[in-house]
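**Student:** Counting in my numbering, the sequence shown runs from 3 upward without gaps. Quick reminder that beta carbons are idealized off the backbone N, C-alpha and C, glycines included.
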Amino acid sequence: MELVAHHELNGFGNCGEGMAIQLTRDGRRVLWLAHESPPKNVTAVDVTEPRKPTVILQTDLPHAEMRSNSLASITSGSWTASTST
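(1) Going straight from the alpha carbon of Asp62 to that of Pro52, what length do you get?
(2) Quick check on Asn43: does DSSP put it in helix, strand or coil?
(3) Can you list, in chain order, the residues of its chain with a C-beta nearer than 7 Å to that of Cys17? Leave out the 5 residues immediately preceding and following it.
(4) How big is the Cα-Cα spacing for Thr50 and Arg69?
(5) Would you mind reading off the limits of the beta strand (DSSP E) that contains Asp62?
Given below as structure tokens:
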């Protein structure tokens with residue numbers, strides 16, 4: 003195994019076990035990560051070029067008493083983070 007890249011996730015690397023890869027219609031590969039603690043909810047990283055991962059979306063939780071460390075696919079191309087208080 004060879005490490006090809008590392009990303010700091012804008013300083014929010016507190017990800018839980020929730021991870022998923024999405025192949026988009028335009029051929030990009032997006033890695034979805036659920037965060038285990040506030041303030042972040044989910045982060046999407048474009049990993050189409052594995053040596054150049056890019057954060058393309060990072061969302062916040064509605065309040066600090068929530069977390070979303072699980073991730074599930076609802077339909078093709080739709081994702082939801084399982085949140086708990």
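**Tutor:** For this structure:
(1) Separation of Asp62 and Pro52 (C-alpha to C-alpha, rounded to the nearest whole angstrom) is 25 Å.
(2) DSSP, reduced to helix, strand and coil, places Asn43 within a strand of the structure shown.
(3) Excluding five sequence positions before and after Cys17, the CB atoms of its chain that fall closer than 7 Å to its own CB belong to Leu35, Ala36, His37, Glu38, given in chain order.
(4) For the pair Thr50 and Arg69, the Cα-to-Cα distance works out to about 28 Å.
(5) If you look at Asp62, you'll find it in the beta strand (DSSP E) that goes 56-62.
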